[in-house]
Amino acid sequence: MAHDPVVSMLGTTALLLEAHGETSLGTQQKIWSLSGQVMDWPEVLEAVPGMNNLMLCFRQPPLDPQPLVTRLLEAWHTARPMTMEGRTIELPVIYGGEAGPHMADVMAHTGLGAEEIAEIHSAPLYPVYALGSHPGYCYLGGMDHRIATPRRKTPVLKIPGGAVSIGGFQTGVSASDGPSGWNTIGTTSMVFFDVSKQPPTLLQPGDSIRFRIQQVVR
Amino acid sequence: MIEILSSTALATVQDLGRFGALGWGVSHSGAMDRLALTAGNILLGNDENCAGIEIPIFPFRVRFHQACDLVLTGADHLARLDDVPVWPWLTIHAGAGQILTIERGGPSRWQASRVYLCVAGGIDVPLALGSRSTQLRGQFGGHQGRTLQQGDRLPVGVAAQALRPVGMGIVPPALTMPLEVDATPAIRVLRAAEYAAFTDQSCVEFWAKSWKITSQSDRYGYRLAGPMIEPKYPLELRSHGIVPGVIQVPHGGQPIIQMRDAQPSGGYPKIGTVIDADLWRLGQAPIGSSVRFVEVTWAEAVRALQDVTDWLDEVRRMVALGLTVRQEAGHDQ
Numbered sequence: 749m750a751h752d753p754v755v756s757m758l759g760t761t762a763l764l765l766e767a768h769g770e771t772s773l774g775t776q777q778k779i780w781s782l783s784g785q786v787m788d789w790p791e792v793l794e795a796v797p798g799m800n801n802l803m804l805c806f807r808q809p810p811l812d813p814q815p816l817v818t819r820l821l822e823a824w825h826t827a828r829p830m831t832m833e834g835r836t837i838e839l840p841v842i843y844g845g846e847a848g849p850h851m852a853d854v855m856a857h858t859g860l861g862a863e864e865i866a867e868i869h870s871a872p873l874y875p876v877y878a879l880g881s882h883p884g885y886c887y888l889g890g891m892d893h894r895i896a897t898p899r900r901k902t903p904v905l906k907i908p909g910g911a912v913s914i915g916g917f918q919t920g921v922s923a924s925d926g927p928s929g930w931n932t933i934g935t936t937s938m939v940f941f942d943v944s945k946q947p948p949t950l951l952q953p954g955d956s957i958r959f960r961i962q963q964v965v966r
Numbered sequence: 033m034i035e036i037l038s039s040t041a042l043a044t045v046q047d048l049g050r051f052g053a054l055g056w057g058v059s060h061s062g063a064m065d066r067l068a069l070t071a072g073n074i075l076l077g078n079d080e081n082c083a084g085i086e087i088p089i090f091p092f093r094v095r096f097h098q099a100c101d102l103v104l105t106g107a108d109h110l111a112r113l114d115d116v117p118v119w120p121w122l123t124i125h126a127g128a129g130q131i132l133t134i135e136r137g138g139p140s141r142w143q144a145s146r147v148y149l150c151v152a153g154g155i156d157v158p159l160a161l162g163s164r165s166t167q168l169r170g171q172f173g174g175h176q177g178r179t180l181q182q183g184d185r186l187p188v189g190v191a192a193q194a195l196r197p198v199g200m201g202i203v204p205p206a207l208t209m210p211l212e213v214d215a216t217p218a219i220r221v222l223r224a225a226e227y228a229a230f231t232d233q234s235c236v237e238f239w240a241k242s243w244k245i246t247s248q249s250d251r252y253g254y255r256l257a258g259p260m261i262e263p264k265y266p267l268e269l270r271s272h273g274i275v276p277g278v279i280q281v282p283h284g285g286q287p288i289i290q291m292r293d294a295q296p297s298g299g300y301p302k303i304g305t306v307i308d309a310d311l312w313r314l315g316q317a318p319i320g321s322s323v324r325f326v327e328v329t330w331a332e333a334v335r336a337l338q339d340v341t342d343w344l345d346e347v348r349r350m351v352a353l354g355l356t357v358r359q360e361a362g363h364d365q
């Protein structure tokens, strides 16, 4: 039997299940499957997939959370990976310069040049693992670890919508202006969220993003 | 219709929050002090999830273009309807054309920052993804998805009952459920996943020292100033769901408490989570004030939530009783 995921409490509001091991699409497919299952459990208000993890918000906090945790772990071990064939959108990116104010920090951390970082960043097809952070924002899997850069010491109070950024081993595109602890390396433009639509988000888990180098500003 | 007369920023329309949309990246939002909003709605005979106006900065002035019953809950501040003083937590009737002014100050019985203007029928802005709360980041919900501005006109819903308890008052929860440590307002906290990853000294100081709520604090989160909280080793987590109350510690070592507009996911290490039962206390804590953290067990946290439920039950009981007394006394309003 593989390692049990780690389960922890987020106050009395929610619990968090975190899968073991390297971040992978296979694990994420199990997270999607588990999420679909537990959404029907009566004690669950919302099930929210993250990056190889799953948050469950309670309708009412259980007096003793242990039986729920046990049931969740059992469901995890029997969950079958759910494959979702989505669509792919391509986003042209201006890397560096004013479009990527933290490119220098990523260069300093990785020892790579701006062109190399742009090449490495735009090479993979990134599957959307989950949505979160702010309306329409996609967490992407599959970033090359050579350009991984720690989150900033203190979050930046405002980065613009369209900002392409790196936080740890992850990358993503801001869907609107707001605070962020990630390093912005470039900019693109796309409407990711429209409250009048159903669903309101452009992308769903299982869809993919491809970044194309429009320009690298040195 | 209520017209905003003051140019004060940061007031928003809020109900109890937007649920079921976290998976689209849409946070819960909702009143920072849910107890104040809920109690205000109960006092007015409203549905308990009716929207009110959350007011964090004063003076704040509105004109009622229609007669309506209202109540101010939350922080105790000086208020008047035209020239007549208005007591907080006490329902009153406003005639068409009257002006309500709320100013900071007065003989406050407790330290608090947010006033809720609740009206019979609620603020009737359209529902967006199931809620009337303002989603500032997504620019939807509430009134045009933004903070209120001078000249805004807000629709008032149809009051639920012909008979409402005007003149009903209650004692604010901060006075019936006080919580302090060494004369500093206290907030109860459960340990979070990375608690053990912080140095022993950091953990000791987290509980022992007081934490100042800095000016970089808002509905998204409270940035705190106090002793440095340091991890034993660098932590870089995968992004995961978070909820209001989660206390993250970025690499800079100064904690951030996620509040109602908090993003629904994050990746900074978590030292603890403010329990749901105490989020209203924190929601009222003024910028520049200090709080202490008190560790509780799961069982204590669940019991604290029951205390909140019991308090609201008591408000419901009082209001029902007040209605009965008024009916028997022959009031016909």
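Residue numbers (our numbering), protein chains in the order written: chain A, 749 to 966; chain B, 33 to 365.
For every residue, glycine included, the Cβ atom is placed at its ideal position computed from N, Cα and C.
Here the structure is a predicted model, which is why all the values come from computation and not from measurement.
- Item | Enclosing alpha helix (DSSP H) for B:T70 [first to last residue] | One-based indexing of the second sequence puts residue 70 of chain B at position 38. From DSSP, the alpha helix (DSSP H) with B:T70 extends over 66-75.
- Message: Going by DSSP in three states, A:M815 sits in which element: helix, strand or coil?
- Response: For the purposes of this step, residue 815 of chain A is taken as the residue at position 67 of the first sequence. The amino acid occupying residue 815 of chain A in the given sequence is Pro; Met does not appear at that position. A:P815 falls in the helix class under three-state DSSP.
- In angstroms, rounded to a whole number, what distance separates the CA positions of B:L353 and B:L207? Residue 353 of chain B sits at position 321 when you count from the first residue of the second sequence. Residue 207 of chain B sits at position 175 when you count from the first residue of the second sequence. If I take the Cα positions, the gap works out to 21 Å.
- Give a yes or no on whether the minimum CB-CB distance between A:G929 and chain B is below 9 Å. Start at 1 with the first residue of the first sequence, and residue 929 of chain A comes out as number 181. Output row for A:G929: interface = yes.
- Item | Inter-stretch contact (C-beta, 8 Å, three-pair minimum) for the region 294-306 of chain B and the region 222-238 of chain B | yes
- From A:A862 to A:G934, what does the alpha carbon distance come to, in whole angstroms? By one-based count along the first sequence, residue 862 of chain A stands at place 114. By one-based count along the first sequence, residue 934 of chain A stands at place 186. Spanning the two alpha carbons is a distance of roughly 10 Å.
- Message: Going by DSSP, what residue range makes up the beta strand (DSSP E) through B:W142?
- Response: The residue labelled residue 142 of chain B in the question sits at position 110 within the second sequence. Run containing B:W142: none; DSSP gives neither H nor E here.
- Task: Could you tell me how far apart the beta carbons of B:M291 and B:G315 are, in whole angstroms, since I believe they sit closer than 8 Å?
- Result: As a working note, residue 291 of chain B is residue 259 in the second sequence. As a working note, residue 315 of chain B is residue 283 in the second sequence. Contact holds; Cβ gap of about 7 Å.
- Task: Please go through the same chain and pick out, in chain order, the residues whose beta-carbon is closer than 6 Å to the beta-carbon of B:G189, but skip the five residues on each side of it.
- Result: Along the second sequence, one-based indexing puts residue 189 of chain B at 157. Cβ neighbours of B:G189 beyond the five flanking positions: G153, G154, D156.
- Task: Quick one: list the residues of chain A neighbouring B:V305, beta-carbon separation under 7 Å, in chain order.
- Result: What you label residue 305 of chain B is simply residue 273 of the second sequence in a count that begins at 1. Contrary to the premise, residue 305 of chain B reads as Thr rather than Val in this sequence. Going along chain A in sequence order, the residues near B:T305 (Cβ under 7 Å) are L758, G759.
- Query: Listed in chain order, which residues of the region 53-77 of chain B have Cβ atoms closer than 7 Å to some Cβ of chain A?
  - Reply: L54, G55, W56, G57, V58
- the region 826-843 of chain A: which residues have C-beta closer than 9 Å to a C-beta of chain B, in chain order? none
- Message: Between which residues of its own chain and A:G920 is the CB-CB distance below 7 Å, once the five residues before and five after are set aside?
- Response: In the first sequence, residue 920 of chain A corresponds to position 172, counting from 1. Within the same chain, A:G920 has close Cβ partners Y885, C886, Y887, L888, S913.
- Does the Cβ-Cβ distance between A:T949 and A:F940 come in under 9 Å? Locating residue 949 of chain A in the first sequence gives position 201, where the first residue counts as 1. Locating residue 940 of chain A in the first sequence gives position 192, where the first residue counts as 1. Their beta carbons are under 9 Å apart, which means A:T949 touches A:F940 by this criterion.
- Query: Does B:D17 come within less than 9 Å of chain A when only Cβ atoms are used?
  - Reply: Any question about residue 17 of chain B goes unanswered here, given that chain B covers just 33 to 365.
- Item | Beta-carbon proximity of A:A827 to A:Q785, cut-off 9 Å | Here residue 827 of chain A corresponds to residue number 79 of the first sequence, with the count starting at 1. Here residue 785 of chain A corresponds to residue number 37 of the first sequence, with the count starting at 1. Yes, these two residues count as a Cβ contact at 9 Å.
- Message: Any beta carbon from chain A within less than 9 Å of B:K264's own beta carbon?
- Response: Along the second sequence, read from residue 1 onward, the residue named residue 264 of chain B stands at position 232. Not closer than 9 Å to any Cβ of chain A, the Cβ of B:K264 fails to qualify, so no.
- Query: What residue from B:Q176, B:Q182, B:N81 has the CA that sits closest to B:T40's CA?
  - Reply: Here residue 40 of chain B refers to the residue found at position 8 of the second sequence. Checked all of B:Q176, B:Q182, B:N81; the closest Cα to B:T40 is B:Q182.
- Message: Could you check whether the Cβ of B:A317 sits closer than 9 Å to any Cβ belonging to chain A?
- Response: Here the question's residue 317 of chain B lines up with position 285 in the second sequence. So, not an interface residue.
- Query: Just the Cα atoms here: how many angstroms apart are B:Q365 and B:A192?
  - Reply: Within the second sequence, residue 365 of chain B is the residue found at index 333, counting from 1. Within the second sequence, residue 192 of chain B is the residue found at index 160, counting from 1. Any answer about B:Q365 is weak, because its pLDDT of 43 lies below 50 and its placement is not dependable; what the coordinates show is given next. Cα to Cα, B:Q365 sits roughly 14 Å from B:A192.
- Query: From A:A856 to A:V904, what distance separates their C-alpha atoms?
  - Reply: Walking along the first sequence from the start, residue 856 of chain A turns up at place 108. Walking along the first sequence from the start, residue 904 of chain A turns up at place 156. If I take the Cα positions, the gap works out to 18 Å.
- Query: Who are the Cβ neighbours of A:M749 in its own chain at under 6 Å, not counting the five residues just before and after it?
  - Reply: Position 1 of the first sequence, counting from 1, holds the residue named residue 749 of chain A. For A:M749, the pLDDT reaches just 48, beneath the cut-off of 50, and the residue's location in the model is therefore unreliable, leaving the point undetermined.
- Task: Residues of the region 896-911 of chain A with a CB closer than 7 Å to any CB of chain B: list them in chain order, please.
- Result: P898, R899, K901, T902, P903
- At least three beta-carbon pairs within less than 8 Å, the region 259-277 of chain B to the region 332-341 of chain B: no
- Interface flag, A:M749 vs chain B, CB-CB below 9 Å: Position 1 of the first sequence, counting from 1, holds the residue named residue 749 of chain A. Unreliable positioning characterises A:M749 in this predicted model, as indicated by a pLDDT of 48, which lies under 50. The coordinate reading is nonetheless provided below. So no, A:M749 is outside the interface.
- Where A:K945 and B:Y227 are concerned, what is the direct C-alpha to C-alpha distance, given to the nearest angstrom? Along the first sequence, one-based indexing puts residue 945 of chain A at 197. Along the second sequence, one-based indexing puts residue 227 of chain B at 195. Cα to Cα, A:K945 sits roughly 41 Å from B:Y227.
- Item | Where B:F230 meets chain A, residues with beta-carbon distance less than 8 Å | As a first step, residue 230 of chain B is located in the second sequence; it is residue number 198 there, counting from the start. Ordered by position in chain A, no residue passes the 8 Å Cβ test against B:F230, which lies about 14 Å from the chain.
- Query: Tell me which same chain residues have a C-beta within less than 6 Å of the C-beta of A:S783, skipping the five on either side of it?
  - Reply: Mapped onto the first sequence, residue 783 of chain A falls at position 35. Once the five neighbours on either side are set aside, the close Cβ partners of A:S783 are A795, P797, L802.
- Message: Let me check one thing: in DSSP terms, what residues is B:A107 bridge-paired to?
- Response: Residue 107 of chain B sits at position 75 when you count from the first residue of the second sequence. According to DSSP, B:A107 bridges with nothing at all.
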